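Just so you know, the sequences run in chain order A and B. So the first sequence is numbered by the numbering used here: it starts at 253 and just counts up by one. So the second sequence is numbered by the numbering used here: it starts at 38 and just counts up by one.
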Amino acid sequence: MWKRKESESMKFESNRLILGLFVEAIALCLIVSFRFINIAATATLLIFNLLFLSLTIHLNGTLNRKLVTLALGNITGLLWNFVLQYFDIAGVTFFGAPFNFFYAVSYPFLNFMWVVSFWSVSLAVLPKPKSKQSEMKP
Amino acid sequence: MIIEALEIIFLFSTALMIAYLARHYVFTLTVLRRTKNPIGKIAVDTKYAPTVSILIPARDEETVIGRLLQRMTELTYPHDKLQVITIDDASSDRTGQIAEEFSKHHPFIEVLHRDKKTGGKGKASAMNAGLKRATGEIVLCFDADYYPQIDIVEKLVKEFVDPAVGAVQGRPVVLNEAQNVVTRLVTLERIGGYRVDQEARDNLGLIPQFGGTVGGFRRSLLEKLGGFDESMLTEDTDLTFQVYLAGFKVCYVGDAECYEEAVDNWKAYWRQRHRWAQGHMQVCFKHALGVLRSKKLNAKEKIDGLLLLNVYFMPVLTLIAFFAGVSLILYQSSQLVNALWFIVPVSFYSLVGNFAPFFEIGIGAYLDGRTRIQWLIPLLLFAYLYNILICTKAFLDLLAAKILRKSWSDWAKTRHLGNGNSYIGN
Numbered sequence: 253m254w255k256r257k258e259s260e261s262m263k264f265e266s267n268r269l270i271l272g273l274f275v276e277a278i279a280l281c282l283i284v285s286f287r288f289i290n291i292a293a294t295a296t297l298l299i300f301n302l303l304f305l306s307l308t309i310h311l312n313g314t315l316n317r318k319l320v321t322l323a324l325g326n327i328t329g330l331l332w333n334f335v336l337q338y339f340d341i342a343g344v345t346f347f348g349a350p351f352n353f354f355y356a357v358s359y360p361f362l363n364f365m366w367v368v369s370f371w372s373v374s375l376a377v378l379p380k381p382k383s384k385q386s387e388m389k390p
Numbered sequence: 038m039i040i041e042a043l044e045i046i047f048l049f050s051t052a053l054m055i056a057y058l059a060r061h062y063v064f065t066l067t068v069l070r071r072t073k074n075p076i077g078k079i080a081v082d083t084k085y086a087p088t089v090s091i092l093i094p095a096r097d098e099e100t101v102i103g104r105l106l107q108r109m110t111e112l113t114y115p116h117d118k119l120q121v122i123t124i125d126d127a128s129s130d131r132t133g134q135i136a137e138e139f140s141k142h143h144p145f146i147e148v149l150h151r152d153k154k155t156g157g158k159g160k161a162s163a164m165n166a167g168l169k170r171a172t173g174e175i176v177l178c179f180d181a182d183y184y185p186q187i188d189i190v191e192k193l194v195k196e197f198v199d200p201a202v203g204a205v206q207g208r209p210v211v212l213n214e215a216q217n218v219v220t221r222l223v224t225l226e227r228i229g230g231y232r233v234d235q236e237a238r239d240n241l242g243l244i245p246q247f248g249g250t251v252g253g254f255r256r257s258l259l260e261k262l263g264g265f266d267e268s269m270l271t272e273d274t275d276l277t278f279q280v281y282l283a284g285f286k287v288c289y290v291g292d293a294e295c296y297e298e299a300v301d302n303w304k305a306y307w308r309q310r311h312r313w314a315q316g317h318m319q320v321c322f323k324h325a326l327g328v329l330r331s332k333k334l335n336a337k338e339k340i341d342g343l344l345l346l347n348v349y350f351m352p353v354l355t356l357i358a359f360f361a362g363v364s365l366i367l368y369q370s371s372q373l374v375n376a377l378w379f380i381v382p383v384s385f386y387s388l389v390g391n392f393a394p395f396f397e398i399g400i401g402a403y404l405d406g407r408t409r410i411q412w413l414i415p416l417l418l419f420a421y422l423y424n425i426l427i428c429t430k431a432f433l434d435l436l437a438a439k440i441l442r443k444s445w446s447d448w449a450k451t452r453h454l455g456n457g458n459s460y461i462g463n
């Protein structure tokens with residue numbers, strides 16, 4: 253009985269630790285994007301976090317799984333934006349200042365690309381809901 | 038001066054995009070909450086079984102009409118209360134003969150033949166011809182390429198117990214989804230449009246839309262409204278607003294599923310969507326003021342009604358916002374334009390397909406238990422870019438027709454090849 257209680261308490265503690273780590277990772281991504289990339293990258297990360305938290309909270313799956321997915325999303329977004337930043341630097345080096353205009357126009361589209369892609373993949377990671385059986389199975 | 042004008046255009050377009058995004062976000066959240074904590078509708082009288090007339094307009098539908106009429110014979114609704122009217126609308130193939138064959142063996146199936154003089158004038162005209170012969174209290178409509186559940190009539194008509202309900206709408210589900218990328222993308226659009234959008238509008242007491250098929254009306258109301266407006270390209274949307282302006286409502290029945298054959302190539306997609314876009318714009322001009330002034334609609338119905346009426350103008354506005362934004366960045370952009378510039382791509386990704394945002398479509402697919410098809414959501418961007426072209430062309434056609442005072446009701450029929458037949462019975 254005592255051993256069971258101890259293992260339950262350890263599991264609870266480790267869950268909280270994992271939770272804390274992932275929350276920290278997400279916060280770190282936001283800070284890094286703001287400090288080292290630009291505010292648009294941070295805004296996109298915030299939109300992604302808001303959508304993910306407010307919508308997936310209602311879906312099946314444990315909180316840990318959702319949080320891991322969310323943290324992975326933030327890391328993906330951060331990396332994607334770093335790549336875009338270096339793409340801009342490389343573009344300006346090779347093509348000169350006019351590249352900045354091209355980059356300014358296309359950046360929001362490229363920036364949002366990872367959100368849609370990650371969103372569509374991340375929902376597939378969560379357990380399926382118990383949906384009613386359709387008569388036809390396309 | 039030009040810069041200021043561009044800024045106003047950009048900011049106005051962006052404000053509208055944000056309004057649409059917020060609306061769809063609320064829809065998604067509503068459906069999620071209701072799925073988690075379902076609030077049962079008021080119990081309906083299951084003994085309620087009015088007489089029902091089913092209208093099936095069919096023009097050159099020999100590949101699909103047989104399977105639908107066969108399904109009509111399998112419906113569980115009492116056949117003595119059913120009247121199925123197949124409107125053979127000046128077909129040049131065997132549609133009429135196939136319908137006659139069914140009529141011989143099943144007395145509740147009737148065939149109305151229209152020759153080349155009287156027929157071929159569009160779906161609304163065919164429906165009106167059928168309506169004249171209809172005797173049921175309730176009139177349901179099915180397109181010839183649809184394949185309903187056997188208990189669909191019970192599911193749809195039970196809502197008419199409520200005297201405030203003037204029309205009902207069921208849920209179309211794509212039958213030939215696995216055929217190719219186009220049919221898969223149309224499936225995603227349908228999921229967003231019906232599993233989330235229509236469901237949420239019904240739950241929130243807004244304006245669920247009658248989609249022209251898999252639904253129906255009280256015959257008395259339909260006759261009072263003058264039947265289907267033949268000058269409208271989307272007579273279904275027109276009727277939706279007529280029903281609301283007459284003080285009735287449309288009820289969405291999500292579990293009344295009907296399987297449809299989706300368009301399977303980009304050319305057919307263009308023709309179909311171009312007609313929808315033109316028709317919607319036509320309806321917008323007809324009803325926008327009426328919706329604003331109506332005393333029978335409450336504030337939220339008015340807001341939703343106006344957003345619904347203007348939905349096909351949004352891709353055009355997105356394009357205008359894009360060019361305005363690019364010009365502003367090129368010449369002289371303010372901080373505000375820079376800050377809001379990122380909303381344009383959000384809109385590009387959000388207003389895809391049936392004008393449901395990516396997150397709405399994703400949640401709809403998830404709730405349907407469709408985890409694989411979600412992976413195709415990013416591809417909807419191309420469908421939306423295509424829709425921008427379609428809606429812009431429809432808008433320019435409308436303008437040209439207005440300037441030249443020409444009739445622009447060029448009714449384009451979607452051709453069905455019977456590709457869905459192989460999926461039935463699997």
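No residue lacks a Cβ here, since even glycine has one placed at the ideal position from N, Cα and C. This one's a predicted model, so the numbers in the text were calculated from it and none came from an experiment.
Are TYR184 (chain B) and TYR296 (chain B) touching if we call contact CB-CB under 8 angstroms? yes
Determine the contact status of LYS118 (chain B) and GLU272 (chain B), defining contact as a CB-CB distance below 8 angstroms. no
Just to confirm the assignment, what range does the alpha helix (DSSP H) spanning HIS150 (chain B) have? Here HIS150 (chain B) belongs to no alpha helix (DSSP H); instead the beta strand (DSSP E) covers 146 to 151.
Pull the bridge partners of CYS428 (chain B) from the DSSP assignment, please. BP columns for CYS428 (chain B) are empty, so no partner.
So, is LEU303 (chain A) buried or exposed, given that buried needs 16 or more other C-beta atoms within 10 angstroms? buried
Contact set between PRO415 (chain B) and chain D, taken where Cβ atoms lie within less than 7 angstroms: Among the protein chains of the structure shown, namely A and B, there is no chain D.
Per-residue burial, SER266 (chain A) [other beta carbons within 10 Å of its own, 16 or more giving buried]: exposed
Please state if the CB of ALA86 (chain B) and the CB of LYS192 (chain B) are separated by a distance shorter than 8 angstroms. no
Rounded to whole angstroms, what's the CA-CA distance from LEU297 (chain A) to LEU343 (chain B)? Just pull it up for me. 32 angstroms
Whose C-beta lies closer than 6 angstroms to the C-beta of GLY390 (chain B) among residues of the same chain, with five residues either side of it excluded? Reliability fails at GLY390 (chain B), whose pLDDT of 48 lies under 50, so the model's placement of it is uncertain and the value that follows must be treated cautiously. Taken in chain order, the residues that qualify are GLU226, LEU417, ALA420.
Give the residues from the segment 322 to 333 of chain A that approach chain B closer than 7 angstroms (Cβ to any Cβ), ordered along the chain. none
Strictly under 8 angstroms for the Cβ-Cβ distance: is ARG235 (chain B) near chain A by that measure? Note that residue 235 (chain B) is Gln in the sequence shown here, rather than Arg. Chain A, which has no Cβ nearer than 8 angstroms to the Cβ of GLN235 (chain B), makes this no.
Tell whether a beta-carbon distance below 8 angstroms holds between SER372 (chain A) and ILE400 (chain B). no
Does ASP539 (chain B) come out as helix, strand or coil in the three-state DSSP assignment? Shown here, chain B extends from 38 to 463; a query on residue 539 (chain B) therefore has no answer.
Where the alpha helix (DSSP H) through LEU319 (chain A) begins and ends: 315 to 347
Please confirm whether PHE395 (chain B) has its beta-carbon closer than 8 angstroms to some beta-carbon of chain A. yes
Can you confirm whether the segment 271 to 288 of chain B touches the segment 196 to 209 of chain B when touching is taken to mean that 3 or more C-beta pairs between the two stretches lie within less than 8 angstroms? yes
Assuming contact is defined by CB atoms lying nearer than 8 angstroms, are TYR289 (chain B) and ARG221 (chain B) in contact in what I supplied? no
Under DSSP, the beta strand (DSSP E) around THR123 (chain B) begins and ends at which residues? 119 to 126
May I have the straight-line CA-CA distance separating GLY229 (chain B) from THR345 (chain A), to the nearest angstrom? 44 angstroms
Taking the Cβ atom as the reference point for each residue, do ILE244 (chain B) and GLU397 (chain B) lie within a distance shorter than 8 angstroms? no
Got a sec? Which residues, its chain only, sit under 6 angstroms from GLY264 (chain B) by beta carbon, not counting five neighbours each side? ASN165, LEU168
Based on the DSSP output, what are the partners of ARG308 (chain B) in its beta bridges? DSSP lists no partner for ARG308 (chain B).
Measure from the C-beta of ILE102 (chain B) to each C-beta in chain A and report whether the shortest distance is under 8 angstroms. no
For TYR349 (chain B) and LEU315 (chain A), the rounded distance between their alpha carbons: 39 angstroms
Cross-strand partners of PHE254 (chain B) (DSSP beta bridge): B:VAL176, B:ALA204
Do GLN319 (chain B) and LEU270 (chain B) have their beta-carbon atoms positioned less than 8 angstroms apart in this structure? yes
Applying the criterion that 16 or more other CB atoms from any shown protein chain within 10 Å of the CB defines a buried residue, is GLN134 (chain B) buried or exposed? exposed
Just curious, the beta strand (DSSP E) that LEU92 (chain B) is in, first and last residue? 89 to 95
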